[in-house]
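Position 59, counted from 1, in the sequence shown is what the numbering used here calls 89; the numbers after and before it change by one each time, with no gaps.
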Amino acid sequence: EILDDGDGELDVDEFVNGIRRLRGEARAKDVLRLQKELRLLERSVDSIEESMDASRDRMKLVEQHLHRARSEIAAVQRTVGRAKEAVKLAAKTQPCNDEGLQR
31 EILDDGDGEL DVDEFVNGIR RLRGEARAKD VLRLQKELRL LERSVDSIEE SMDASRDRMK
91 LVEQHLHRAR SEIAAVQRTV GRAKEAVKLA AKTQPCNDEG LQR
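Take a look at the structure:
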């Protein structure tokens with residue numbers, strides 16, 4: 031991986047040249063190239079981190095909306111339940127005539 035030129039294969043020339051470079055001290059251009067690659071990687075990591083932060087914020091907002099929706103649904107269910115009970119009670123206490131109308 032270190033000796034490969036990026037094509038996914040390591041041929042004899044890549045191997046020999048790579049070993050020669052590894053034997054000596056790092057040259058200034060090698061250090062500069064690595065620094066440039068490091069800066070690019072740092073920018074990529076920063077960008078990913080920003081995206082993750084934004085996603086986390088959106089997820090928190092979605093969680094808040096879901097919690098609110100659950101609360102509102104529960105309130106509607108309670109109201110419907112009370113309305114059903116009120117209708118049942120009204121039907122028991124106020125009998126209807128043959129047409130279904132209250133007397």
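Even for Gly, the Cβ is constructed at its ideal location relative to N, Cα and C.
Residue 41 to residue 70, Cα distance in whole Å?
28 Å
Quick one: Cα of residue 51 to Cα of residue 65, how far?
17 Å
Give me the Cα-Cα distance between residue 105 and residue 73, rounded to the nearest whole angstrom.
48 Å
By DSSP, does residue 73 sit in helix, in strand, or in coil?
helix
In angstroms, rounded to a whole number, what distance separates the CA positions of residue 122 and residue 103?
29 Å
Which of the three DSSP states is assigned to residue 102 in this structure?
helix
Where the alpha helix (DSSP H) containing residue 52 begins and where it ends
Taken as a continuous stretch (DSSP letters only), the alpha helix (DSSP H) holding residue 52 covers 42-53.
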